[in-house]
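A.B. asks: Residue numbers (UniProt numbering): 1 to 554. All residues carry an ideal CB built from backbone N, CA and C; glycine is no exception. Small disclaimer: the values here were computed from a predicted structure and weren't measured. Mind having a look at this structure? Questions to follow.
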Amino acid sequence: MNTISLASAMEALRRAAAAGGSRLSGQVLAETARLNLEILDNVLQAATHRSDPRVAAEMGSIVEGLSHRISRARLELALLAEATGAHTLDLEEYDDLREGRTDYSRPARYAAGRPCYKTTADFLAAWLRITYFEAEGMLNDAHLVIGRVTIAGTLTTPRFEQLGTTYQDPAVDPRATLQTARSLNRLEPKDTIGEGAPLPPAARQQDGPSLEERAVQILEGNEPRTAKKQVNELVKKYKEENAEAATPELGLFKRRSINGVDEYVLRVRGSDAGFMRSLVAQADNPRTKAGAAARTRQPDEENLAGREADPAVDSTQTPSWLQPTDPPPPWAVDETGETGPAAGPTGAQIPENTEGLSPAEQIDLQVPVPMRRMNAMMTLIRQNGSGTAKTKAIRPQLMVFMQLDDLRDLATAHGITTHGVRLTPGELRRLLTEADIIPVVFGGESQILDLGRASRFYPDYLRDGIICRDKGCIVPGCTEPPENCDVHHFEGGGWKGGCRTRIGSGSLMCRNDHTAEQAGIIKVVNYKGLPHVIMPKHIDPTQTPQRNTYWDNI
Numbered sequence: 001m002n003t004i005s006l007a008s009a010m011e012a013l014r015r016a017a018a019a020g021g022s023r024l025s026g027q028v029l030a031e032t033a034r035l036n037l038e039i040l041d042n043v044l045q046a047a048t049h050r051s052d053p054r055v056a057a058e059m060g061s062i063v064e065g066l067s068h069r070i071s072r073a074r075l076e077l078a079l080l081a082e083a084t085g086a087h088t089l090d091l092e093e094y095d096d097l098r099e100g101r102t103d104y105s106r107p108a109r110y111a112a113g114r115p116c117y118k119t120t121a122d123f124l125a126a127w128l129r130i131t132y133f134e135a136e137g138m139l140n141d142a143h144l145v146i147g148r149v150t151i152a153g154t155l156t157t158p159r160f161e162q163l164g165t166t167y168q169d170p171a172v173d174p175r176a177t178l179q180t181a182r183s184l185n186r187l188e189p190k191d192t193i194g195e196g197a198p199l200p201p202a203a204r205q206q207d208g209p210s211l212e213e214r215a216v217q218i219l220e221g222n223e224p225r226t227a228k229k230q231v232n233e234l235v236k237k238y239k240e241e242n243a244e245a246a247t248p249e250l251g252l253f254k255r256r257s258i259n260g261v262d263e264y265v266l267r268v269r270g271s272d273a274g275f276m277r278s279l280v281a282q283a284d285n286p287r288t289k290a291g292a293a294a295r296t297r298q299p300d301e302e303n304l305a306g307r308e309a310d311p312a313v314d315s316t317q318t319p320s321w322l323q324p325t326d327p328p329p330p331w332a333v334d335e336t337g338e339t340g341p342a343a344g345p346t347g348a349q350i351p352e353n354t355e356g357l358s359p360a361e362q363i364d365l366q367v368p369v370p371m372r373r374m375n376a377m378m379t380l381i382r383q384n385g386s387g388t389a390k391t392k393a394i395r396p397q398l399m400v401f402m403q404l405d406d407l408r409d410l411a412t413a414h415g416i417t418t419h420g421v422r423l424t425p426g427e428l429r430r431l432l433t434e435a436d437i438i439p440v441v442f443g444g445e446s447q448i449l450d451l452g453r454a455s456r457f458y459p460d461y462l463r464d465g466i467i468c469r470d471k472g473c474i475v476p477g478c479t480e481p482p483e484n485c486d487v488h489h490f491e492g493g494g495w496k497g498g499c500r501t502r503i504g505s506g507s508l509m510c511r512n513d514h515t516a517e518q519a520g521i522i523k524v525v526n527y528k529g530l531p532h533v534i535m536p537k538h539i540d541p542t543q544t545p546q547r548n549t550y551w552d553n554i
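Below, the structure is given as structure tokens:
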């Protein structure tokens, strides 16, 4: 068959399926699905052997969209199996289906006595050759965003109706919507639809809107990474506001000593947590002197690396009868997944071939992230203690955002730091009395109206003003914090084009996106008094000026 004949046949098949899809018999539906699967398999086999990168890009986009549709169809068909009692079919019906001789012209036959499967999940697990837990999970997911089966056996709305509508939106990744529904469902009491009384979602924000309504706004109005972060913040805030567990005790606790290595647990909150997050962010930035110094092994680390302590010599080792045998309590477990001294090796896994890596990347491989942060903190302690530190220490900075109305009513005022730490009214009042305050006034569109000073270059106080406004890299979807960003002159052709060094002409951009702007891949424009980004046409065909919403919770 030539290309023209194949195209004509495909078009005829497309029209037939669109026009009579609802009237097609079960046999025709199954045969059409098998034919499409066979065609798709052949097409993908041909595509994966091409050397044209455009084929990889276009087919990758098509397959990704197909995976979204298939993920929806899995839940829809699982729910259909539950609603129609597929687990109660006569045994011969299953045999006929497997052998392809089902007669769809007659009604389905159900088991007269005990059915082959007790539940729909049992049937799906055996029929689809998946685990029972996966089958049960499919049904639970379907109940959240597709529909539920009442005690009378009829279909009704899903538990989260608004998220169910978003789940069917082709512009929103169904995986993100489903994950959001699961997170919200964990905040709700058990659904009682099986008892004849469906239980609607009850979790609400303190200011009124339901968590589901707010989650839908986040999913439909942001790109995936930003949406995930903001949904997590939404759930976290709700848990904190409705927490029943006791708050862990604050302080620095020594847990144990193994082979001369001391292990401590540090628990802080409020402004102290803000300072610690600032220290970590600056230690993670290799472009500063302090960040580079944190990537250099300290003398003690070099001497101890790869050496096991001699119990006879090491007087700091804890005796075996004093070492804990019970697992640590839940509050002491590191939720970030980072490996600590007692949980894994102290050295980084360095690949054999490091050719092609920059010096900074090679250093990153040699000094693990936890060790960098420890180096930064120990340098800070040494410098403050003796004033003779050999390396440049990090200077943690705490910047607090608050509304003008909060300044008028400090009794109930709340603040939030650059790194998302929420401050209580008491903590905020203490900071206002002890800290050096730089007044920054914002307008309705978040333009900075007055910082009080000016300079040819971007000094710290001007940079701080831009951080207050942008909070991080302004490119949509970027997650780089302000410590890893440069102030970019974006007006009038940049610094070389005569752009003035003022707050209105500067924007925060990470090194990667700054390079992309200079290469002409993205554009930064002034829109409503704020720097906005115009993404490439293949990402945003409308060429609408955008700002990064990843930082909106601050």
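Please state if the CB of A215 and the CB of T165 are separated by a distance shorter than 8 Å.
C.D. replies: Against a cut-off of 8 Å, the Cβ pair of A215 and T165 comes out as no contact.
A.B. asks: Kindly indicate if chain C contains any beta-carbon less than 8 Å away from that of V145.
C.D. replies: Among the protein chains of the structure shown there is no chain C, as only one such chain exists.
A.B. asks: Write down the C-beta distance between C473 and L508 rounded to the nearest angstrom, noting that I regard them as a contact closer than 8 Å.
C.D. replies: Between L508 and C473 the Cβ distance is about 6 Å, and since that is below 8 Å, they are a contact.
A.B. asks: Within 10 angstroms of the Cβ of A171, are there 16 or more other Cβ atoms? Answer buried if so, exposed if not.
C.D. replies: Answer is exposed; the Cβ neighbour count stays below 16.
A.B. asks: Measuring alpha carbon to alpha carbon, tell me which of P459, E483 and T157 ends up nearest I193.
C.D. replies: Nearest option by C-alpha distance: T157.
A.B. asks: Pairs of beta-carbons, one from the region 147-156 and one from the region 72-83, closer than 8 Å: are there three or more?
C.D. replies: Judged by Cβ distances under 8 Å, the region 147-156 makes contact with the region 72-83, as three or more pairs qualify.
A.B. asks: For V280, report the span of its alpha helix (DSSP H) as first-last.
C.D. replies: Taken as a continuous stretch (DSSP letters only), the alpha helix (DSSP H) holding V280 covers G270 to A283.
A.B. asks: With DSSP collapsed to three states, give me the class of C499.
C.D. replies: The answer is coil: DSSP assigns C499 none of H, G, I, E or B.
A.B. asks: Who are the near neighbours of M10 in its chain, counting only those whose CB is closer than 6 Å to its CB and skipping five residues on each side?
C.D. replies: Closer than 6 Å at the Cβ level, and outside the excluded window around M10, lies no residue.
A.B. asks: Could you round the C-beta distance between F160 and E195 to whole angstroms and report it? I think they count as a contact, below 8 Å.
C.D. replies: No, F160 and E195 are not in contact; Cβ-Cβ is about 19 Å, not under 8 Å.
A.B. asks: By Cβ distance, which residues of its chain are closer than 6 Å to V421, with the 5 residues on each side in sequence left out?
C.D. replies: These residues qualify, in order along the chain: A273 and G274.
A.B. asks: Using CA coordinates, which residue listed in T120, Y132 and G65 is at the minimum distance from A153?
C.D. replies: Here the sequence assigns Gly to residue 153, which means Ala is not the residue at that position. Nearest option by C-alpha distance: T120.
A.B. asks: According to DSSP, which residues form a beta bridge with T156?
C.D. replies: According to DSSP, which records beta bridges pairwise, T156 is partnered with R148.
A.B. asks: Which residue comes first and which comes last in the alpha helix (DSSP H) that contains N484?
C.D. replies: First-last for N484: undefined, no H or E at that position.
A.B. asks: Which same chain residues end up closer than 8 Å to L91 when comparing Cβ atoms and leaving out the 5 residues on each side of it in sequence?
C.D. replies: So the qualifying residues of the chain are A111 and C116.
A.B. asks: Check this for me: beta carbons of Y527 and C478, under 8 Å apart or not?
C.D. replies: The answer is no: Cβ separation not under 8 Å.
A.B. asks: For R109, does the three-state DSSP call read helix, strand or coil?
C.D. replies: Coil.
A.B. asks: Reducing DSSP to helix, strand and coil, say where R456 ends up.
C.D. replies: Interpretation of R456 is limited by its pLDDT of 45, a score under 50 that renders its predicted location unreliable; the figure taken from the coordinates is listed afterwards. Coil, per DSSP.
A.B. asks: Quick one: using the 10 Å Cβ neighbour count with 16 as the cut-off for buried, is residue 557 buried or exposed?
C.D. replies: Residue 557 is absent from the model: the chain starts at 1 and stops at 554.
A.B. asks: Give me the Cβ distance between Y132 and D122, rounded to the nearest whole Å; I'm assuming they're in contact under 8 Å.
C.D. replies: Rounded, the Cβ-Cβ distance is 7 Å, consistent with contact.
A.B. asks: For K239, which residues of its own chain have a beta-carbon under 8 Å away from its beta-carbon, when the five flanking residues on both sides are left out?
C.D. replies: So the list reads L187, once near-sequence residues are dropped.
A.B. asks: Can you check which of these residues, R175, E223 and L219, is closest to E64 by C-alpha distance?
C.D. replies: If we check each option's Cα against that of E64, R175 comes out closest.
A.B. asks: Thinking V475 and G506 are a contact (beta carbons under 8 Å), I'd like their distance in whole angstroms, please.
C.D. replies: In fact, because the Cβ distance is near 15 Å, the residues do not count as touching under 8 Å.
A.B. asks: If you follow the alpha helix (DSSP H) that T166 is in, where does it begin and where does it stop?
C.D. replies: Element bounds for T166: E161 to Y167.
A.B. asks: Going by DSSP in three states, T424 sits in which element: helix, strand or coil?
C.D. replies: Note: T424 maps to coil in three-state DSSP.
A.B. asks: Does Y458 pass the burial test, meaning 16 or more other C-beta atoms within 10 Å, or should it be called exposed?
C.D. replies: Y458 is buried by the Cβ-count criterion.
A.B. asks: Between I522 and the rest of its own chain, which residues show a CB-CB distance below 8 Å, the 5 nearest in sequence each way excluded?
C.D. replies: Same-chain partners within the cutoff: V475, D513, A516, V533, I534, M535 and P536.
A.B. asks: Just curious, the alpha helix (DSSP H) that S67 is in, first and last residue?
C.D. replies: Start and end: P53 to A83.
A.B. asks: Rounded to whole angstroms, what's the CA-CA distance from Y264 to T48? Just pull it up for me.
C.D. replies: The straight-line gap from Cα to Cα measures roughly 52 Å.
A.B. asks: Please classify S183: does DSSP put it in a helix, a strand, or coil?
C.D. replies: Correct three-state label for S183: helix.
A.B. asks: If you count every other CB in all the chains shown that lies within 10 Å of the CB of F490, and 16 or more means buried, which is it?
C.D. replies: Classification for F490: buried.
A.B. asks: Run the CB neighbour count on N42, radius 10 Å, all protein chains shown included, and call it buried at 16 or more, exposed below.
C.D. replies: Result: exposed.
A.B. asks: Could you tell me the boundaries of the alpha helix (DSSP H) in which R511 lies?
C.D. replies: R511 to Q518 is the extent of the alpha helix (DSSP H) around R511.
A.B. asks: What separation, rounded to the nearest whole angstrom, lies between the Cα atoms of A519 and D470?
C.D. replies: Those two C-alpha atoms are separated by around 22 Å.
A.B. asks: Considering only their Cβ atoms, is the gap separating D191 from P198 smaller than 8 Å?
C.D. replies: Yes, Cβ-Cβ distance for P198 and D191 is below 8 Å.
A.B. asks: I'd like to confirm something about S51: is its beta-carbon nearer than 7 Å to some heavy atom of the ligand MN, or not?
C.D. replies: As presented, the structure is devoid of all ligands, the ligand MN included, so that no description of it is given.
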